[in-house]
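In the numbering used here, the protein residues as written are 1209 to 1463. Note that CB positions come from ideal geometry on N, CA and C, so glycine has one too. Since the structure is predicted, the reported quantities are computational estimates derived from the model, not experimental observations. First up is the structure itself, then whatever we jot down about it.
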Amino acid sequence: MTKEDADLEKMYHIGIDDSHGAKTVLLPGDPERVEVIAQKLGNPRFYARSREYTTWLGELQGEAVMVMSTGMGGPSTAICVEELYKTGIRNFIRVGTCGGMDLNVRGGDIVIATGAIRMEGTSKEYVPVEFPAVAHLDVSNALITAAREKGFTYHAGIVQCKDSFYGQHDPGRMPAGYDLENKWRAWIKARCLASEMESAALFIVSQILGARAGCVLNAVWNQERANAGLDNPECHDPERAVEVAVRAAELLIGS
């Protein structure tokens, strides 16, 4: 290690340096979920707090594992990934929530995003939109293995990544609503599983940096099932997604 490496200053936004020793991070959006997830690890302990980035450390199989919140949306997620990579993180697992789109996705199901529709702005400042936003195969396989081991109902495939929560839920109010609604129907026809707000930035930034990234989500509900008059259970507890993420992190250690 060079003197420059040893003297790495704390990252401007996330407020940590490289002294944590972790290679893998679990990334919820909500700072309030960080401690809850960290309690699934061995020796959980608070590490830092800066802006929307709350950080805890724990251990799996004797190795340090980090949990850090990203906040909502692509810009804060991209900053998080960029700065974590500089501190030595190489495996990024988003663990969050989504709204179902495909009629087969019910509230409480697990959605493993293997790729994302780049209907957001952050990733477009990295690479042209023709470049796909895809999860790393190792991480996706670990997440799928974990979901199968636990016997959870899961779906693996494409999600829509957006910038505007209310653009999805009230598109008719927006001057650009005609475009939002037409694209929404197109994504559904293409069998898009669900909608969320961070995966595209995570996948694109990780790809460019040379890191491994994946994404596991709890489906909160499915507005398309509601619109079709189907039963539409709601599940706001991300416990199963957290369990899948932690087990996947175990599988990735040493791989």
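- In this structure, the straight-line span from the alpha carbon of residue 1302 to that of residue 1335 is close to 21 Å.
- Residue 1282 sits in a helix when the DSSP states are folded into three classes.
- Pairwise C-beta distances place the region 1226-1238 in contact with the region 1284-1302, as three or more of them are shorter than 8 Å.
- Distance between residue 1444 and residue 1417, taken at the CA atoms: about 33 Å.
- Contact annotation: residue 1426 and residue 1446 have beta-carbon atoms nearer than 8 Å.
- Where residue 1408 is concerned, the enclosing alpha helix (DSSP H) starts and stops at 1407-1417.
- For residue 1374, the enclosing alpha helix (DSSP H) stretches over residues 1373-1377.
- Here the C-alpha atom of residue 1272 lies approximately 30 Å from the C-alpha atom of residue 1367.
- The three-state secondary structure of residue 1401, taken from DSSP, is coil.
- At a Cβ-Cβ threshold of 8 Å, residue 1297 and residue 1274 count as neighbours.
- The Cβ-Cβ distance between residue 1290 and residue 1413 falls below 8 Å.
- Annotation for residue 1432: 1308, 1309, 1310, 1311 and 1396 place their beta carbon closer than 8 Å to its own, counting only its chain and skipping 5 residues before and after.
- Here residue 1404 is buried, its C-beta having at least 16 other C-beta atoms within 10 Å.
- Looking from the CA of residue 1247, the closest CA among 1267, 1238, 1256 and 1387 belongs to 1267.
- By the criterion of a C-beta distance shorter than 8 Å, residue 1315 is surrounded in its chain by 1308, 1427, 1428, 1429, 1430, 1440, 1441, 1442 and 1443, once the five residues flanking it on both sides are discounted.
- When rounded, the separation of the alpha-carbon atoms in residue 1358 and residue 1453 is 11 Å.
- CA-CA distance, residue 1385 to residue 1393, rounds to 12 Å.
- Straight-line spacing of the CA atoms in residue 1227 and residue 1448 works out to 31 Å.
- If you look at residue 1349, you'll find it in the alpha helix (DSSP H) that goes 1345-1358.
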